[in-house]
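Enquirer: In the order they appear, the protein sequences are chains H and Y.
Anchor point for the first sequence: position 11 equals 582 in my numbering, and the numbering is continuous, going up by one each time.
Anchor point for the second sequence: position 121 equals 692 in my numbering, and the numbering is continuous, going up by one each time.
Glycine included, each C-beta is placed from N, C-alpha and C at the ideal position.
One structure, as structure tokens, below. Some questions next.
Protein chains: 2
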Amino acid sequence: MKESTLLKLLDTAELLFADQGFHATTLRQITREAEVNLAAVNYHLGSKDALIVAVFQRRMDDLNKQRLSLLGEALKASQPPSLERILEAFVHPALQMSARSSGDGGRFMRLMMRAWAENNTRLHRVISRQYSHVMRSFANAVKQALPVVPADLRQQLDFLIGALTYSMAETEDSDVEQTARSLVRFACAGLRQSAQQTVKNSTTDPSESEHQDQSLTPSLLQENPA
Amino acid sequence: MKESTLLKLLDTAELLFADQGFHATTLRQITREAEVNLAAVNYHLGSKDALIVAVFQRRMDDLNKQRLSLLGEALKASQPPSLERILEAFVHPALQMSARSSGDGGRFMRLMMRAWAENNTRLHRVISRQYSHVMRSFANAVKQALPVVPADLRQQLDFLIGALTYSMAETEDSDVEQTARSLVRFACAGLRQSAQQTVKNSTTDPSESEHQDQSLTPSLLQENPA
DNA sequence: ACAAGTTTCAAACACATGTTTTAATTCTAT
DNA sequence: ATAGAATTAAAACATGTGTTTGAAACTTGT
Numbered sequence: 572m573k574e575s576t577l578l579k580l581l582d583t584a585e586l587l588f589a590d591q592g593f594h595a596t597t598l599r600q601i602t603r604e605a606e607v608n609l610a611a612v613n614y615h616l617g618s619k620d621a622l623i624v625a626v627f628q629r630r631m632d633d634l635n636k637q638r639l640s641l642l643g644e645a646l647k648a649s650q651p652p653s654l655e656r657i658l659e660a661f662v663h664p665a666l667q668m669s670a671r672s673s674g675d676g677g678r679f680m681r682l683m684m685r686a687w688a689e690n691n692t693r694l695h696r697v698i699s700r701q702y703s704h705v706m707r708s709f710a711n712a713v714k715q716a717l718p719v720v721p722a723d724l725r726q727q728l729d730f731l732i733g734a735l736t737y738s739m740a741e742t743e744d745s746d747v748e749q750t751a752r753s754l755v756r757f758a759c760a761g762l763r764q765s766a767q768q769t770v771k772n773s774t775t776d777p778s779e780s781e782h783q784d785q786s787l788t789p790s791l792l793q794e795n796p797a
Numbered sequence: 572m573k574e575s576t577l578l579k580l581l582d583t584a585e586l587l588f589a590d591q592g593f594h595a596t597t598l599r600q601i602t603r604e605a606e607v608n609l610a611a612v613n614y615h616l617g618s619k620d621a622l623i624v625a626v627f628q629r630r631m632d633d634l635n636k637q638r639l640s641l642l643g644e645a646l647k648a649s650q651p652p653s654l655e656r657i658l659e660a661f662v663h664p665a666l667q668m669s670a671r672s673s674g675d676g677g678r679f680m681r682l683m684m685r686a687w688a689e690n691n692t693r694l695h696r697v698i699s700r701q702y703s704h705v706m707r708s709f710a711n712a713v714k715q716a717l718p719v720v721p722a723d724l725r726q727q728l729d730f731l732i733g734a735l736t737y738s739m740a741e742t743e744d745s746d747v748e749q750t751a752r753s754l755v756r757f758a759c760a761g762l763r764q765s766a767q768q769t770v771k772n773s774t775t776d777p778s779e780s781e782h783q784d785q786s787l788t789p790s791l792l793q794e795n796p797a
């Protein structure tokens, strides 16, 4: 049973992109390693850019599905939901996906870091469109889990994403479960502390206490209106 | 007064590298934008790779100096030192440096993310050699600040670095002070919570209580023996 | 078995890249 | 002012890039 050239392309490209970056990886290298013809990329995908997007789309779809599924379970399990479970629903699929890809551990996440650093408009739009949907769900869930909504919830979640992405890219083949537990604990403490701080501020200065939810618009959480 | 071509090169290259990546940025683009001759890069630096390293070296030196200076102050101020001040010494210079570069805010940090994602051995060695030295100092400081050393201190610091890097790359021209305060609070809570957890584990299972410091070797904290 | 549609292949194309070379220019110290 | 060094300039070089092309090989439905 031979796997289709398209799959071979996606797999090989993902691996090479993660290791060397998008621009540094050539189509000749990809096709040679995948043992397909050079023209295969342009035939099946149309262009190298389209390849990049396709490589991403595949993993993002997967990741989002798993995250939202776990989030759903967390929300069904108790009301208000457990903050720990919410964050775990966010963290665990990413770590697992990263570890599952055999060989190099942080491959997928290094790919994520690259994509994020990249200024490629097309790629960015694909990612953030998919990401924003999920992030909104998680932000709402966190709001339910905490007695007080932190003033800068968006920023806090960015912290979590950053910690997750970076530590994954760093971690070799380390224990996924342990890392997940560690990170969830770390972030829960941070979020709770921040919520506490918000309460303290709002009681000493009541004028600040109302616009807590306006801080959710920028960055990842915003939708592309077009 | 005209600034030297070398400086013009470093400045322009830094800007373009951050926006487009190392490979995507061409020497022709850099030299055109810097208004110097194409051959200037090879004359002054020797090669494009050397340019990349040079761009980095300059900022890293600066960043390390500021961080260690603030850390020194924090250690002198009180004994045991304040965890908040230690983390602030780590976070603040980076945020400030990122904001100071006029125009685009997260430029330098996006550069960092790229460099980190990059698999360039030469660049990696330069960075981690410089980084490891500083990280060791901070890890030791944190050990003094906490009543109990968390079992996975290295990982915790990676979380901090990740949160810092990512949120910086994300943040436009936002309020540096506010972000710094937020992040420090976030990470302090995480670290304290983790320390608490370590205590709990070590009392229920005393066999684990001794090798707390062995977890400091891998990743950023390790030195290159060569 | 055969024709029509897919997919693979090797070669070529047009162009952009980092680097080198050689000459002109500017700087610097005597 | 002038010789010698350092820097800038313009052009060319060799190589590698993504993409296109047109024919061959394969697959599929009848």
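(1) Looking at Asp633(Y) and Ser753(H), is the spacing between their C-beta atoms short of 8 Å?
(2) Along the alpha helix (DSSP H) that carries Ser618(Y), what are the first and last residues, could you check?
(3) What in chain H is Cβ-close to Asp723(Y), meaning under 9 Å?
(4) Looking at C-beta atoms only, is the number of pairs between the stretch 642-654 of chain H and the stretch 616-626 of chain H that lie closer than 8 Å three or more?
(5) Report the option in Met631(H), Ala665(H), Gln715(H) whose CA atom is closest to the CA atom of Arg700(H).
(6) Got a sec: is the Cβ-Cβ distance from Ala766(Y) to anything in chain H below 8 Å?
(7) Could you give the DSSP three-state label for Asn711(Y): helix, strand or coil?
(8) Would you list, in chain order, the members of the stretch 586-604 of chain Y that have their beta-carbon closer than 8 Å to a beta-carbon of chain H?
(9) Please list, in chain order, all residues of the same chain as His615(H) whose beta carbon is under 8 Å from its beta carbon, the five residues on each side excluded.
(10) What residues of chain H sit near Gln727(Y), judged by a beta carbon separation below 7 Å?
(11) To the nearest angstrom, report how far apart Val626(H) and Pro651(Y) are at their CA atoms.
(12) Would you please state the rounded distance, in angstroms, between the beta carbons of Gln768(H) and Arg756(Y)? I believe it to be under 8 Å.
(13) Where does the unbroken alpha helix (DSSP H) through Thr583(Y) begin, and where does it stop?
(14) Would you mind giving the Cβ-Cβ distance between Ala758(H) and Leu658(H), rounded to the nearest angstrom? I have them listed as a contact below 8 Å.
(15) Are the CB atoms of Val747(Y) and Leu666(Y) within a distance shorter than 8 Å?
(16) Which word fits Leu682(Y), buried or exposed, when buried means at least 16 other C-beta atoms lie within 10 angstroms of its C-beta?
(17) For Ala734(Y), go through chain H and note every residue whose CB falls closer than 7 Å to its CB, in chain order.
(18) For a test of the three-state rule: what should DSSP assign to Glu655(Y), helix, strand or coil?
(19) Going straight from the alpha carbon of Arg603(H) to that of Gln726(H), what length do you get?
(20) From the DSSP output, in three-state form, read off Asp632(Y) for me.
(21) Are the beta-carbon atoms belonging to Ser653(H) and Gly733(Y) less than 8 Å from one another?
(22) What's the gap between the Cα of Gly730(Y) and the Cα of Leu731(H)?
(23) Quick one: which chain H residues come within Cβ less than 8 Å of Ser738(Y)?
(24) Verify the CB distance criterion: does Ala760(H) have a CB-CB separation below 8 Å to chain Y?
(25) Tell me the rounded alpha-carbon separation between Met668(H) and Asn613(H).
(26) Which residue wins for smallest C-alpha separation from Ile698(H), given the options Phe709(H), Asn608(H), Met684(H)?
(27) Name the chain H residues that come within less than 8 Å of Arg763(Y), Cβ to Cβ?
(28) Over what stretch of residues does the alpha helix (DSSP H) that includes Leu598(Y) continue unbroken?
Expert: Concretely, from the data shown:
(1) no
(2) Per DSSP, Ser618(Y) belongs to no alpha helix (DSSP H) and is neither H nor E.
(3) Taking a Cβ-Cβ cut-off of 9 Å, the neighbours of Asp723(Y) in chain H comprise Gln749, Thr750, Ser753, given in sequence order.
(4) Between the stretch 642-654 of chain H and the stretch 616-626 of chain H there are fewer than three C-beta pairs closer than 8 Å, too few to call the two in contact.
(5) Answer by Cα proximity: Met631(H).
(6) no
(7) helix
(8) Asp590, Gln591, Gly592, Phe593, His594, Ala595
(9) Thr576, Leu577, Leu580
(10) Within chain H, the residues near Gln727(Y) are Phe757.
(11) Approximately 50 Å between the Cα atoms of the pair.
(12) 6 Å
(13) 576-591
(14) 5 Å
(15) Yes, these two residues count as a Cβ contact at 8 Å.
(16) buried
(17) Phe730, Gly733, Ala734
(18) helix
(19) The alpha-carbon separation between Arg603(H) and Gln726(H) amounts to approximately 43 Å.
(20) helix
(21) no
(22) Here residue 730(Y) is Phe; the residue named in the question, Gly, does not match the sequence. Going by the C-alpha atoms only, they are around 8 Å apart.
(23) Correct list: Gln726, Asp729, Phe730, Gly733.
(24) For Ala760(H), the answer is yes, since a Cβ of chain Y falls inside 8 Å of its Cβ.
(25) 28 Å
(26) Met684(H)
(27) Ala760
(28) 598-605
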